[in-house]
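Colleague: Residue numbers (my numbering): -4 to 187. Here's a structure for you.
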Amino acid sequence: MTFREIGRELGIPNPQTVIYHLGQLKKNGLLYLDIKKRQRVSKPKAFAVDKLFSIPLVGSANCGPAMELAQENIQKYLKITQTSLKRSKPDGLIAVRAVGESLNKADIRGENIEDGDYVVVDCKQQPSNGDYVLSIIDGAANFKKFFKDDSKNEIRLVSESTQEIPPIILHESDINSSGYMVNGVVVRVIKN
-4 MTFREIGREL
6 GIPNPQTVIY
16 HLGQLKKNGL
26 LYLDIKKRQR
36 VSKPKAFAVD
46 KLFSIPLVGS
56 ANCGPAMELA
66 QENIQKYLKI
76 TQTSLKRSKP
86 DGLIAVRAVG
96 ESLNKADIRG
106 ENIEDGDYVV
116 VDCKQQPSNG
126 DYVLSIIDGA
136 ANFKKFFKDD
146 SKNEIRLVSE
156 STQEIPPIIL
166 HESDINSSGY
176 MVNGVVVRVI
186 KN
């Protein structure tokens, strides 16, 4: 379609307005050019174009108490190469912006998590003890270090911070009533 045809479909008389809005969609990663330089609308999940992953930024999560409402509204897409993530496919990846300082002493591939950082999460990966996870508790999202203690039937979500932040302790029998779930394992931190 030409810019004029797009404008007619949307009720926009000026093709320059259409060009401006398409530029804004490209800037936010919601529209991209494929290999043949055709414009394509981004999908609501991670995808790859020419070895460059586009990972949806779906919201924010606290690094302290679970207070950020867990919403999956795509705000934009982060562009990251396959090599940077050491994987060939972007399946199951999302990005979340960190809020707070409770993981400012964490070590995720040599990076900590600070307020405003982008955190890439693999939603298909199951956590092991010592993994950093994105968890949901009562509809609120947070990042913590995950430990499962089978002898006590507990899951501990621990902060690694310069501040004193108590752990979140969940007994397995209470997990369903607390609305707890692990949404994925942190695989990369992108400093802001």
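Just so it is clear, CB atoms sit at the ideal spot from N, CA and C, and this is done for glycine as well. Note that this is a predicted model, so its numbers are computed, not measured.
Label asparagine 124 either buried or exposed according to how many other C-beta atoms from any shown protein chain fall within 10 Å of its C-beta, with 16 as the threshold for buried.
Modeller: Asparagine 124 is exposed by the Cβ-count criterion.
Colleague: Please name the residue, chosen from Tyr72, Asn137, Pro122, Met176, that lies closest to valine 53 on a Cα-to-Cα basis.
Modeller: Nearest C-alpha to valine 53: Tyr72.
Colleague: Relative to the C-alpha of proline 161, which residue among Asp102, Cys58, Met(-4) is closest?
Modeller: Checked all of Asp102, Cys58, Met(-4); the closest Cα to proline 161 is Cys58.
Colleague: Quick check: the Cα distance between arginine 104 and arginine 183, rounded to an integer number of angstroms?
Modeller: The straight-line gap from Cα to Cα measures roughly 7 Å.
Colleague: Any chance the segment 149 to 163 sits against the segment 95 to 110, with 3 or more Cβ pairs inside 8 Å?
Modeller: Short answer: they touch.
Colleague: Grab the span of the alpha helix (DSSP H) containing leucine 17 for me, first residue to last.
Modeller: Per DSSP, leucine 17 belongs to the alpha helix (DSSP H) from 10 to 22.
Colleague: Whole angstroms is fine: what's the gap from valine 180's alpha carbon to leucine 17's?
Modeller: Cα to Cα, valine 180 sits roughly 34 Å from leucine 17.
Colleague: So, helix, strand or coil for isoleucine 132, using DSSP?
Modeller: Residue state, collapsed to three classes: strand.
Colleague: Only counting the same chain, and skipping five residues up and downstream in sequence, which positions put a Cβ closer than 7 Å to that of glutamine 119?
Modeller: One detail in the question is off: residue 119 reads as lysine in this sequence, not glutamine. Result list for lysine 119: Asp86, Gly87, in chain order.
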